[in-house]
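Student: I have a structure I would like to understand better, so I am pasting it below and will then ask my questions one at a time.
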Amino acid sequence: MNENLEFVPPHPGDPGVDPASDATSHKDAILRVEDVSKIYSSGDTEVHAVSKATMAVDQGEFVALLGPSGSGKTTLISMIGGLLSPTTGTINLAGTDVAGLNKRDLTKFRAERVGFVFQAANLVPFLTARENLLYVSTLQKRISRKEAHARADQLLEELGLAPRAKNVPEQLSGGERQRVAIGRALMNDPDLILVDEPTAALDTKLGRQVVELLAREIKQRGKTGIMVTHDLRMVQYTDRVFEILDGELTHVEQPSALAH
Amino acid sequence: MNLALTEMRRSKLRFGLLAGAVSLLVFLVLLLTTLSNALVNSITGALKGVDANVLVYSANARDNLQASRLDPAVVGQVAEVPGVTAAGPVSVLTTSAALKDGTEDLQVFGFEPGQPGAPTALSEGRLPENASEVAMDGGGYAIGDTLELTAADKQATVVGLLRGAQFNASPTAYLTEDLYGQIVKATNPNVPFVPVNAVAVSVDGDSEAVVSAITAEVPGTKAYDKDDAVSLIPGVASISQTFGILVGLTFIIGIVVIGFFFLILTVQKMKTFTLLRAVGAGTGRLSAVVALQIAVVVLLASAIAVLLTLLAVRGLNSGIPVELSPVLVIGTVAAVLAFSLLAGLLSIRRISKIDPFTAAGAR
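Written out as structure tokens, the structure reads:
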């Protein structure tokens, strides 16, 4: 629905800081991405989806990864979230070398350490809102069944979904579905929340509400979040903005510098 | 919270229809096998139930009990062969009788009380001990009834009832060699002696060796292990084979239906499975969802099928005793379950190939 909003390179005359030098200044970053590349071979040609990305995000920060479609932003957060292995480079989340995990450990890493909110098809269609939250709690052993139930109810309450807890996704609106997905992402108390174009299927007003809510939940809980977006209007809810173009991280800026 | 069962609860129609279809196929397998067993047993039951390890026919009988004729003196000769602990005569004939169920064809099985050759499948009462007593399988008799042997103009009191001991799928009377001889003489007054059809032998130790020894040492005879003799009864092999093909085909169709259905279901749920892989569900966990659903469908379908089969067996009036064996039920259900889970590997293979990355950016 936001497809008509084309990506406009912001402030070409006033570029922000280079992400690599920015990373060195964040000594205590919880997430450190260093020289990460993802290269796909297609016949004789190599496609660099992401090249030598370096970035650092502090604990409690909510940052945006801003770029046009095809710029490699989804590939980059997929590697950070353990959905995809980088071709080269290292990713370190709170002491865990993500790029070095095997397939089984990556699955466990995703279940326990990362919360995902995807663009669409975010929920299990035959589970109610509450069950969608509860199911992910069964993927890890850190909290008991009783705690999980209490936590799911609390999250649904905070997200304004308590009256919809027993509805299956089909009976929910687009905005409600994304709110359930946010609850699902927060359910396992992860270190990192990764959000991929959460407003892609929503109109502007709903999109803003969802991102605002997301920012609030992440901040309140002292979580770290990365949101991928191509929508400049959504970056105002974030702390910093990483710009990505053709697979390369170009600048780090303050959201205010990009305000329309 | 169980993903597999929750989905089934929310899609009752879909899984109910599948369980219904599978139950009909399991029902067919059970019914065909039961009928086949009943039919084979109605032909072989008598011989199978004979108290013996080894049976001796005449050498020129072409493996057929009814074509076999032996001099009664052969019984004594067989008893002398080393390894034989006891030997007794077995005699069969078809005669007419006024049976209580209105039919007339009666199979008569003669044996010597206390010797090999006596039937073992007694379900009620006792075996006959003299020429005025008889034990029956079929024909609608109860203990204390009188059997009218019209052709021989004799009568005998029913003192015992047998089950699964019919010969040639007809009501069968078990009686003493004494009464058997009287029937033969009454219907054929000129016979020089009453022949026996076979010698039933009980063996101490290796029956194979005794079989060879009897065939070699008693002229004009051929000995068989009892199980071999049973399978050589004319018609048994072809009945077993025909039903075996039907049962096998039905079984295979059932497994294919289950395998394909779950594969379709898995393909339809690919988006969901991909999402779940992305948020940290392992391949094993998702495979267990499919396996559990298959198990529930098969067990539910089997329960319906057993019920249908019981109703069908009760409702069947086929003239031969038909019974649903628990061993058959357990064996069939276990086999359907095992092979359905194998067929579920088609789905599990799909799940194992999921790339969780495709959950990101999938629209």
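First to last, the sequence lines map onto chains A and B. The numbering used here numbers the first residue of the first sequence as 0 and each following residue consecutively. The numbering used here numbers the first residue of the second sequence as 1346 and each following residue consecutively. Note that CB positions come from ideal geometry on N, CA and C, so glycine has one too.
(1) At the 8 Å Cβ level, is ARG109(A) part of the contact set with chain B, yes or no?
(2) Say whether the region 60-76 of chain A touches the region 226-234 of chain A, bearing in mind that this needs 3 or more beta-carbon pairs closer than 8 Å, one atom from each stretch.
(3) Just reading off the beta strand (DSSP E) that LEU1494(B) is part of, what are its end residues?
(4) Do ALA98(A) and SER84(A) count as a contact pair if the criterion is CB distance below 8 Å?
(5) Span of the alpha helix (DSSP H) holding HIS148(A)?
(6) For MET1346(B), go through chain A and note every residue whose CB falls closer than 7 Å to its CB, in chain order.
(7) So which of ASN1513(B), VAL1643(B) and VAL1541(B) has the shortest CA-CA distance to ASN1386(B)?
(8) Between SER1647(B) and VAL1635(B), what straight-line distance do the alpha-carbon atoms span, to the nearest angstrom?
(9) I want to verify the contact list: residues of chain A whose CB lies under 8 Å from the CB of SER1356(B), in sequence order.
(10) Check whether the Cβ of THR1351(B) lies closer than 8 Å to any Cβ atom in chain A.
(11) Taking the continuous beta strand (DSSP E) assigned at ALA63(A), which residues delimit it?
(12) Kindly indicate which three-state DSSP category GLU242(A) falls into: helix, strand or coil?
(13) Specify, as a first and last residue, the run of the alpha helix (DSSP H) that MET1615(B) falls within.
(14) If you measure from the beta carbon of LEU205(A) to each beta carbon in chain B, is any gap under 8 Å?
(15) Measure how close the beta-carbons of ALA1543(B) and VAL1435(B) come, nearest whole angstrom, since I'm counting them as under 8 Å.
(16) Cα separation between SER136(A) and GLN1613(B)?
(17) At what residues does the alpha helix (DSSP H) containing MET186(A) begin and finish?
(18) Could you pull out every residue in the same chain whose Cβ sits closer than 6 Å to the Cβ of VAL194(A), ignoring the five residues on either side in sequence?
(19) Have a look at the DSSP bridge pairing and note the partners of ILE1696(B).
(20) What are the start and end residues of the beta strand (DSSP E) that includes LYS1499(B)?
(21) Quick check: is the beta carbon of GLY174(A) nearer than 8 Å to any beta carbon in chain B?
(22) Over the uninterrupted alpha helix (DSSP H) stretch that includes THR1628(B), give me the two end residues.
(23) Hey, THR1521(B) and GLY1455(B): beta-carbon distance below 8 Å or not?
(24) Identify the contact partners of PHE115(A) in chain B, using a Cβ-Cβ distance below 8 Å as the criterion.
(25) Assuming PHE125(A) contacts ARG1359(B) under a Cβ cut-off of 8 Å, what Cβ separation, rounded to an integer in Å, is found between them?
(26) At the 8 Å Cβ level, is THR1465(B) part of the contact set with chain A, yes or no?
(27) Going by the beta-carbon positions, is the gap between ALA1545(B) and GLY1428(B) smaller than 8 Å?
(28) Who are the Cβ neighbours of PRO1701(B) in its own chain at under 6 Å, not counting the five residues just before and after it?
(29) Evaluate the contact criterion for the region 48-62 of chain A versus the region 14-30 of chain A: three or more CB pairs, one atom per stretch, below 8 Å.
(30) Out of LYS1393(B), SER1468(B), ALA1442(B) and LEU1362(B), point me to the one whose CA is closest to ASP1570(B)'s CA.
(31) Taking Cβ-Cβ distances shorter than 7 Å, what residues in chain B pair up with SER77(A)?
(32) Take the Cβ of PHE183(A) as the centre, count every other Cβ of all protein chains shown within 10 Å, and call the residue buried at 16 or more, exposed below.
(33) Quick check: does the Cβ of GLU196(A) come within less than 7 Å of any heavy atom belonging to the ligand SAM?
(34) With burial defined as no fewer than 16 other Cβ atoms inside 10 Å of the residue's Cβ, what is the status of VAL1423(B): buried or exposed?
(35) Using a beta-carbon distance cut-off of less than 7 Å, what residues from the region 79-102 of chain A approach chain B?
(36) Of all the CB atoms in chain B, is at least one closer than 8 Å to the CB of THR53(A)?
Tutor: Taking the structure as given:
(1) True, the Cβ-Cβ gap to chain B drops below 8 Å.
(2) In this structure the region 60-76 of chain A touches the region 226-234 of chain A; the number of beta carbon pairs closer than 8 Å is three or more.
(3) That run of the beta strand (DSSP E) goes 1491-1494.
(4) One thing to note: SER84(A) has its Cβ within 8 Å of the Cβ of ALA98(A).
(5) From DSSP, the alpha helix (DSSP H) with HIS148(A) extends over 144-157.
(6) Within chain A, the residues near MET1346(B) are GLU130, LEU133, TYR134 and THR137.
(7) With respect to the C-alpha of ASN1386(B), the residue from ASN1513(B), VAL1643(B) and VAL1541(B) having the closest C-alpha is ASN1513(B).
(8) Using only the alpha carbons, I get a separation of about 18 Å.
(9) For SER1356(B), the C-beta contacts it makes with chain A under 8 Å involve PHE125, in order along the chain.
(10) Taking Cβ atoms only, chain A reaches closer than 8 Å to THR1351(B), which makes this a yes.
(11) Start and end: 61-65.
(12) In this structure, GLU242(A) counts as strand in the three-state DSSP scheme.
(13) Element bounds for MET1615(B): 1615-1623.
(14) False, the Cβ-Cβ gap to chain B never drops below 8 Å.
(15) Sure, about 4 Å apart at Cβ, within 8 Å.
(16) So the alpha carbons of these two residues sit roughly 25 Å apart.
(17) Residues 173-186.
(18) Close CB contacts of VAL194(A) within its chain, under the 6 Å cut and outside five residues either way in sequence, are with VAL116 and MET226 (chain order).
(19) ILE1696(B) pairs with nothing; no bridge assigned.
(20) Segment 1499-1507, the beta strand (DSSP E) holding LYS1499(B).
(21) With 8 Å as the cut-off, GLY174(A) does not count as an interface residue toward chain B.
(22) Unbroken alpha helix (DSSP H) run through THR1628(B): 1628-1660.
(23) Yes, the Cβ-Cβ distance between THR1521(B) and GLY1455(B) is below 8 Å.
(24) Ordered by position in chain B, the residues that pass the 8 Å Cβ test against PHE115(A) are ALA1623, VAL1624, ALA1704 and ALA1705.
(25) Contact between PHE125(A) and ARG1359(B) does not hold, since their C-beta atoms are separated by about 10 Å, which reaches or exceeds 8 Å.
(26) With 8 Å as the cut-off, THR1465(B) does not count as an interface residue toward chain A.
(27) Not closer than 8 Å, so no.
(28) Only ARG1622 and ALA1623 meet the Cβ criterion.
(29) Judged by Cβ distances under 8 Å, the region 48-62 of chain A makes contact with the region 14-30 of chain A, as three or more pairs qualify.
(30) With distances taken between Cα atoms, ASP1570(B) lies closest to LYS1393(B).
(31) Near SER77(A) (Cβ distances below 7 Å), the residues of chain B are PHE1702 and ALA1705.
(32) One point to set straight first is that residue 183(A) is Arg, not Phe, in the sequence displayed. Buried is the call here.
(33) No copy of the ligand SAM occurs in the structure displayed, which carries no ligand at all.
(34) That one is buried.
(35) Answer set for the region 79-102 of chain A: LEU82 and LEU83.
(36) For THR53(A), not one C-beta of chain B is nearer than 8 Å to its own C-beta.
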